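To start, the structure under review is shown below, and the notes come after it.
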Amino acid sequence: MIQEALQEIQRGTAEIIDSERIEKLLTAFVKEGKTYTVKAGFDPTAPDLHLGHTVLLHKLATFQKFGARIQFLIGDFTAQIGDPTGKSETRKQLSAEQIQINAESYKTQVFKILDPEKTDVVFNASWLNELGSVGMLELTTTFNVARMLERDDFEKRYKSQTPISISEFMYPLLQGYDSVALKSDIEIGGTDQKFNLLMGRHLQRTYEVGKEQAVLMMPILEGLDGVQKMSKSLGNYIGVEDAPNDMFGKILSVSDELMWRYYELLSDKSLKEIEALESGVREGTLHPKKVKESLAHEITARFHGEDAAVAAQVEFNKVHAKSQIPTDIAEFELDAPIWIAKALQECAIEPSTSQARRDIKQGAVKIDQVKVSDEQLQLEKGEYVLQVGKRKFARAKVK
RNA sequence: GGUGAGAUAGUCAAGUGGCCAACGACGGCAGACUGUAAAUCUGCUCCCUUUGGGUUCCCAGGUUCGACUCCUGGUCUCACCA
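Position 223 of the first sequence, counted from 1, bears residue number 222 in numbering that gives the first Met the number 0, the numbering being contiguous throughout.
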């Protein structure tokens, strides 16, 4: 039991510091029913979560299974400084109301993965405001500049003479102090957070909390292209709020290789179950597409419910496997007669008539499932389903 | 403050008076093959119903029959020096 729990906790991690301590906490839980705390910090900026963020949440959920209470920390105080990690700009400040709105929005998204019963949502302003200037100065005496500059991005910026504000030095200290205030047993974060996470250990020692948190780091999830990290700006993400059909489709479009990565980091299936799937595929008894569908189903169901997931799967097969027309497509009213290229543009499935003409030449355009070869075609009165490629559809009512 | 370099399509990056709507790479879209896979191959990738027309290569002027390419001024970015 303990070994199994430990394996699930280690699953997919990039690095663990002090895994003995984690093992002890697990043992205490299994043998004596003792709970422990796991801290994870989040920015109160707009919580537009994608699956990359949920990797961390998943790990938290795993911990909940094995006796942890989650300290879901919203860094409303620290947001005023802005974590310098990977960024060079100072950021804009958020109003108190905005932070509150964002926090609420976090909760609705996050509790699809986490068990609210075992989660405490905390704001670090509640103790950092208390600290006062004396406490703040005291905090600064616990560390020195040379060591602070060891942090990777500080070092780089210092060497390249990019300005570093003194307040930025406060960020790791304050994040570490959060661990003192919360007396966390474990803290988890991304690999880029290593320095800050370790600061928690350092400060817990200096403030004599009586324990030093273990640290667990999760890797960055690759996006749909399988190479770069999942991020909104790169457009290779699967958003938590994506519509069921999109979500399902996006997951299915991922490469087989990447699928296993997603299984490891995003699925609730146990390691054993996943291994069984892998060997099944290797031996040819399981079709990789089936395995991928099952993953897509699991994730879609998590965010949209079982029914929506089933519907998305049915819809997907209808459109792609049987190449039929999707159920829900946008409708447009047009005036007859209308040139086909113009109609495609009006229906927003082509950006310009030039592009439309090119696609017609390539045989990518269909009307009611029939390929269009005449680029001069005029549409008369009637209702048509226009299609470009495999996934762009529109219903045109020509009057 | 001084000196030098540079600003080209979604990104990177050629072109340095006509052959330029502008090489190439990446990305994107489409077609073939498929499991909507991935990989691979092929085509396309400013706009306009196109053997053609229009508007582009930071901005404003100028030289020229003709400028992304030359000149003047401006804006911004970067590097080195102070």
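Each residue gets a CB set at the ideal place from its N, CA and C atoms; glycine is no exception. This structure is a prediction, so every number in the text was calculated from the model and none was measured.
Helix, strand or coil at P83 [DSSP, three-state] | Unreliable placement is indicated for P83, whose pLDDT of 49 sits below 50; no coordinate value is reported for it.
Taking the alpha carbon of V121 as the point to measure from, which residue in D47, E221, I69 has its own alpha carbon closest?
-> Comparing Cα positions, the closest option is I69.
Span of the alpha helix (DSSP H) around T26 = Counting along the chain, the alpha helix (DSSP H) containing T26 begins and ends at 18–31.
From R20 to L197, what distance separates their C-alpha atoms?
-> About 15 Å.
M147 versus T141 - alpha carbon distance | The C-alpha of T141 is placed about 11 Å away from the C-alpha of M147.
What are the start and end residues of each continuous alpha helix (DSSP H) run of 4 or more residues lying completely inside the region 131–169, in chain order?
-> Qualifying alpha helix (DSSP H) stretches, in chain order: 144–147, 151–158.
In the region 285–313, which residue ranges form an unbroken alpha helix (DSSP H) of at least 4 residues, counting only runs that do not cross its ends?
-> The region 285–313 contains these whole alpha helix (DSSP H) runs: 287–303.
From this set, T36, L251, L59, which residue's C-alpha is nearest G11's C-alpha?
-> The option with the nearest alpha carbon to G11 is L59.
Spatial neighbours of P43 within its chain, please: CB distance less than 7 Å, with the 5 preceding and 5 following residues excluded, ordered by chain position.
-> Contacts found: I73, G74, D75, A78, L93, I98, N101, A102.
According to DSSP, which residues form a beta bridge with L378?
-> DSSP links L378 through a beta bridge to I337.
For S266, does the count of other Cβ atoms within 10 angstroms reach 16, so buried, or fall short, so exposed?
-> With a 10 Å radius around the Cβ and a threshold of 16 neighbouring Cβ atoms, S266 comes out buried.
Please list, in chain order, all residues of the same chain as L202 whose beta carbon is under 7 Å from its beta carbon, the five residues on each side excluded.
-> In the same chain as L202, and ignoring 5 residues on each side of it, the C-beta atoms closer than 7 Å to its own belong to T141, G175, Y176, S178, V179, in chain order.
Less than 8 Å between the CB atoms is what I'm expecting for Q212 and R204, so what's the real figure, rounded?
-> Beta-carbon to beta-carbon, Q212 and R204 are separated by about 10 Å, too far to satisfy the 8 Å threshold.
L333: which of A395, M217, L24 sits nearest, CA to CA?
-> Put simply, of A395, M217, L24 the residue whose alpha carbon is nearest the alpha carbon of L333 is A395.
For the alpha helix (DSSP H) that H113 lies in, which residues bound it at each end?
-> It should be noted that the sequence gives Leu, not His, for residue 113. Run containing L113: none; DSSP gives neither H nor E here.
Give the range of the beta strand (DSSP E) segment to which R200 is assigned.
-> No beta strand (DSSP E) holds R200; the alpha helix (DSSP H) holding it covers 193–205.
Grouping DSSP H, G and I as helix and E and B as strand, with all else coil, what is T34?
-> Of the three classes helix, strand and coil, the one that applies to T34 here is coil, per DSSP.
Quick one, are the C-beta atoms of G40 and I219 less than 9 Å apart?
-> Their beta carbons are not under 9 Å apart, which means G40 does not touch I219 by this criterion.
Round the Cβ separation of V37 and D184 to the nearest angstrom and send it over; I've been treating them as touching at under 8 Å.
-> The C-beta separation of V37 from D184 comes to about 7 Å, placing the pair in contact by the 8 Å criterion.
Check whether the region 307–321 touches the region 375–383, counting contact only when three or more Cβ pairs, one atom from each stretch, lie closer than 8 Å.
-> They do not touch, by the three-pair rule.
Pair within 9 Å by beta-carbon distance, A342 and V397 = Going by C-beta atoms, A342 is nearer than 9 Å to V397.
Do A456 and A311 have their C-beta atoms within less than 9 Å of each other?
-> What is shown of the chain runs 0 to 398, which leaves residue 456 out entirely.
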